[in-house]
Each structure stands twice: as structure tokens, then as C-alpha cells.
Amino acid sequence: VKREGEFTYDIEWHNTFEGLGKAVEKLSLMSRKACIVTDSTVGPLYLNTVSRQLSPLFDKITSFSFPSGEAQKTLDTVKKLYTHLIEEHYERKDILIALGGGVVGDLTGYTAATYLRGIDFIQIPTTLLSQVDSSVGGKTGVDFDCFKNMVGAFHQPRLVYMSMETLHTLPDVQFSCGMGEVLKSGLIRDLPYYQWTLEHSRELLERKDEVLIRMIQGSCLIKKTVVEHDPTEQGERAVLNLGHTIGHAVEKLKNFEMLHGQCVALGTVAAAYISKERGLIDSEALSVIERGNRMFGLPCRFEGLALEEVLSATRSDKKMEQGKIKFILLNPLGHAVVDKTVTDDEMMAAIGYIQGE
Ligand code: NAD
Ligand code: ZN
């Protein structure tokens with residue numbers, strides 16, 4: 072019996088797309104058709120290379136592209152993709168291939184989970200964030216109205232294939248955002264990994280393939296371990312939300328001014344501040360975290376928002392249970408815990424701490 076959340080698929084890390092054909096061949100798929108789903112930024116960069124690798128393995132490859140950006144992660148786009156699949160006579164045994172960042176991955180995964188009650192899909196994540204975060208764990212979905220990831224399903228890919236070459240075209244700000252999630256994974260479960268990341272900051276910022284692969288593997292392993300203990304998010308998986316309560320609040324208020332990974336990094340400083348005030352970590356640990364953020368171009372402070380505004384934005388967070396926010400604290404550094412007793416006063420103090428400069 073296969074339990075939900077069990078990892079029966081391969082994750083492969085390569086320097087290029089050269090090994091993709093082989094990796095897909097190993098799956099011994101029954102499908103004759105593959106649809107590569109991508110966006111308007113990634114398609115022109117990698118669609119040809121990926122198609123060339125896959126064409127010997129399928130009778131027919133089609134592609135579906137939509138404009139890049141979170142605004143397209145909607146049921147409208149899913150509907151257009153369904154139409155494409157129906158028009159091209161996609162059947163139960165055929166396969167979808169997500170080529171792009173988290174937006175493409177989430178949307179393709181959700182379509183695969185629901186088309187004909189579920190077909191296979193392969194993830195080819197092309198942003199650092201999607202490589203370390205969204206490609207592991209089986210969460211798929213789309214946004215609905217202004218609610219993020221409101222409609223979705225758990226659906227595991229058959230294969231995740233990462234090519235480091237994609238990181239060479241990724242804009243710096245997107246790279247930093249991915250680093251925000253990398254640093255977070257070290258802080259929640261693996262302090263030596265966190266320290267390793269800071270020690271290798273120069274090679275990482277120069278995007279040296281070998282070091283990137285080691286870093287991404289480390290991060291995926293941490294996420295896998297946490298998720299396997301709690302595939303459907305009943306408890307422990309919540310630690311992955313370190314930095315997300317206050318981070319999301321700032322993200323919502325700053326709309327498109329600050330990106331998710333930047334806000335998470337900021338929220339992590341706030342969570343560390345509360346942990347320090349409670350005596351769970353010392354002030355040296357707090358400064359280590361701030362130094363780590365700065366090293367990778369991530370913020371430690373924000374400006375232009377009122378304290379109360381940020382506090383009230385945390386209340387609409389969906390990480391609530393019976394009206395209580397499941398806040399993630401560090402206890403100690405390198406180990407995150409869920410805490411439902413964080414008070415408004417503590418949050419106000421933390422928001423005040425990250426405000427300004
Ligand atoms: P994204 O997919 O929007 O990619 C960011 C931008 O980079 C886009 O403009 C994209 O076109 C571009 N891009 C992608 N790859 C590129 C490359 N190699 N070179 C140049 N440009 C490239 O966003 P993201 O940051 O990858 O992912 C964010 C999404 O992931 C959010 O929707 C979030 O909800 C979701 N997410 C899901 C999970 C999960 O567990 N399923 C986890 C974390 C985040
Ligand atoms: Zn996140």
C-alpha cells in the first residue's frame with residue numbers, strides 16, 4: 072500500500088539537460104504523448120532543449136505556454152490547459168511535464184491531479200525556490216480570487232529533474248528569494264548545513280554548479296524528512312512555515328514591492344527575535360541570522376508600514392488553528408518548533424524590531 076506523501080519518485084540533479092532523456096526512459100512510461108507546460112519567460116530559454124531530449128521517447132510532444140507570473144496561477148489558466156489536453160486527445164496514461172518555476176509546477180501538478188481523475192507528471196523546476204521547495208512534498212494548486220493556493224491537491228510527480236544551467240539565467244532577485252528558503256531549511260532542522268551555506272556564500276553567489284547541487288540536495292533532504300513525518304500537514308510540517316506568519320503579512324501589504332522569499336527572510340528575523348526574547352536562543356544567534364540574510368542580499372528590516380497594520384494582517388493567515396496562530400519559533404538555533412502561545416504583544420515587539428533603518 073502506498074501512503075500519501077511517501078516518496079516513490081526520483082529526484083535527479085544535473086549540470087545540464089543532457090541526462091533528461093535517460094532519466095525519463097528509466098520510468099518505463101506507457102505514455103505516447105507528453106505535454107510540456109511552461110511560461111513565457113522559461114519557454115524561449117529551455118523549451119527547445121527539453122523537447123529535443125524527450126522527442127525520441129514519445130510519439131508526440133505538444134507544449135502549452137502561459138504568461139509568466141503569479142497572476143496567471145488561476146483556474147482560468149487550468150481551464151485553457153484542459154482544453155489543450157482535450158483537443159490533443161490526451162489520455163489517462165499520457166504525461167504532463169512542468170518546465171518552469173513554482174507557478175508552472177503548482178499549476179501543472181494541479182492539472183495533472185485532476186485531468187481524467189489524475190494523470191502522471193514530471194517536474195523540471197527552473198528557479199532555485201522551486202528546486203528547493205515546491206518540487207518536494209507533493210503540494211499542487213492555484214490561487215482563487217485573492218486567496219493564495221486556495222484550491223489544490225496532493226499529487227506526487229513521477230520524477231523531478233533539476234538542471235543547474237537554468238540557474239545561470241535566473242535574475243539575482245529570484246536567486247536571493249530561493250536562498251531565503253534554503254537558509255530557512257537550515258535554521259529549522261540542520262545548523263551545520265546552515266553554517267556550511269554561509270561558509271560557501273561566495274561560490275554560491277557565483278553559482279558554481281557543484282556547490283549549488285550540494286546545497287539544493289541538502290535543502291531537499293531536510294524538506295523531505297520533515298514532510299515524510301507529516302505528509303498532510305497535521306503537525307510537524309508546520310515548522311516549514313518559519314518566518315511565514317509575519318512574512319506573509321508584510322508580503323500582503325507590500326503587494327508586488329517585495330517578493331515572497333524576501334518577506335520570509337524578514338519574517339525569520341522577527342521569529343528569531345521572539346525566540347531570543349523568550350530566552351530560547353541568544354542574541355549572538357539573532358545576529359548570525361541577520362548576517363546570513365545580508366550575505367545573500369535578503370532584507371532584515373522593512374519600512375513604510377504601521378505596526379498595527381502588520382499585526383492585523385497576520386490574523387488572516389491561514390496557518391491558524393481554532394483561532395490561534397501556529398507560530399514557529401527557534402528552540403534552539405537549528406531546530407524549529409510550533410508554538411500556539413505567542414501573544415500580540417510579543418508580535419508587536421518583533422514587528423517593531425524589524426521595522427525601520
Ligand atoms: P515563478 O514560477 O513565478 O518564477 C519566478 C520568475 O522567474 C517568473 O517570471 C519566471 O518566468 C522566471 N523564471 C523561472 N525560471 C527561470 C530561469 N531559469 N531563468 C530566468 N527566469 C526564470 O515563481 P517561483 O519563485 O519559482 O515560485 C513561486 C510559486 O511557488 C508561488 O506560486 C508559490 O505559491 C509556489 N510554491 C509552492 C510550493 C509547494 O510546495 N507546492 C512551495 C513554495 C512555493
Ligand atoms: Zn515560502
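Heads up, the sequence shown is in this note's numbering, so the first residue is 72 and it goes up one at a time.
C-beta atoms are modelled at their ideal positions from N, C-alpha and C, and glycine is treated no differently.
Query, Result
"Who are the near neighbours of Glu421 in its chain, counting only those whose CB is closer than 7 Å to its CB and skipping five residues on each side?", "Here residue 421 is Ala; the residue named in the question, Glu, does not match the sequence. Taken in chain order, the residues that qualify are Ile317, Ala341, Tyr344 and Ile345."
"Give the secondary structure of Gly76 by DSSP, where H, G and I count as helix, E and B as strand, and everything else as coil.", "Only weak support exists for where Gly76 lies, its pLDDT of 48 falling under 50; the coordinates are left without a value."
"Grab me the residues of Ile195's own chain with a C-beta within less than 6 Å of its C-beta, minus the 5 sequence neighbours each way, in chain order.", "Leu170 and Tyr232"
"Just grab the DSSP bridge partners of Trp267 for me.", "DSSP output for Trp267 lists no bridge partner at all."
"Might you give, ordered along the chain, the residues of its own chain that have their beta carbon closer than 7 Å to the beta carbon of Ser201, omitting 5 neighbours on each side?", "Gly172, Gly173 and Gly176"
"According to DSSP, simplified to helix, strand and coil, what is Asn326?", "coil"
"Indicate the three-state DSSP secondary structure (helix, strand or coil) for Glu252 in the structure shown.", "helix"
"Can you tell me the Cα-Cα spacing of Glu307 and His300, whole angstroms?", "7 Å"
"Determine the extent of the alpha helix (DSSP H) in which Tyr146 is found, giving its start and end residues.", "Going by the sequence as given, residue 146 is Leu instead of Tyr. Leu146 to Glu158 is the span of the alpha helix (DSSP H), which, as asked, contains Leu146."
"Does the segment 265-277 come within contact of the segment 199-215, defined as at least 3 CB pairs closer than 8 Å?", "no"
"Is it the case that the segment 216-229 contacts the segment 184-194, given that we only count it when at least three CB pairs across the two stretches are under 8 Å?", "yes"
"Cβ-heavy atom distance between Gly92 and ligand 1 below 8 Å?", "no"
"Considering Cα atoms alone, identify which of Glu328, Glu380, His406 and Val408 is closest to Met418.", "Glu380"
"For Lys294, which three-state DSSP category applies?", "helix"
"Does the distance from the C-beta atom of Arg285 to that of Gly405 stay below 9 Å?", "no"
"If you measure from the CB of Glu270, is any heavy atom of ligand 2 nearer than 8 Å?", "no"
"Looking only at its own chain, which residues have a Cβ that is under 8 Å from the Cβ of Pro370, when we skip the five neighbours before and after it?", "Met329, Gln333, Ala336, Leu337 and Asn364"
"Look at Val310 and Val408 and say whether their C-beta atoms are less than 9 Å apart.", "yes"
"Should Lys347 go down as buried or exposed, given a rule of 16 or more other Cβ atoms within 10 Å for buried?", "buried"
"In this structure, how does DSSP classify Glu83 when only helix, strand and coil are distinguished?", "strand"
"Curious, which full-length alpha helix (DSSP H) runs of at least 4 residues does the segment 353-388 contain?", "354-366 and 378-385"
"If you draw a straight line from the C-alpha of Pro138 to the C-alpha of Phe218, how long is it?", "20 Å"
"Could you tell me the boundaries of the alpha helix (DSSP H) in which Gly338 lies?", "His331 to Glu348"
"Can you give me the Cβ contacts of Gln426 inside the same chain, cut-off strictly under 6 Å, excluding the 5 residues immediately before and after it?", "none"
"Mind checking which residues open and close the alpha helix (DSSP H) that includes Ala184?", "Gly173 to Thr185"
"Could you check whether Lys294 and Ser256 sit closer than 9 Å to each other, using their CB atoms as the reference points?", "yes"
"With 16 as the cutoff for other CB atoms within 10 Å, does Ile352 come out buried or exposed?", "buried"
"From Val222 to Ile396, what distance separates their C-alpha atoms?", "21 Å"
"Between Gly249 and Leu187, what straight-line distance do the alpha-carbon atoms span, to the nearest angstrom?", "33 Å"
"Are Leu178 and Lys150 closer than 9 Å when you measure CB to CB?", "no"
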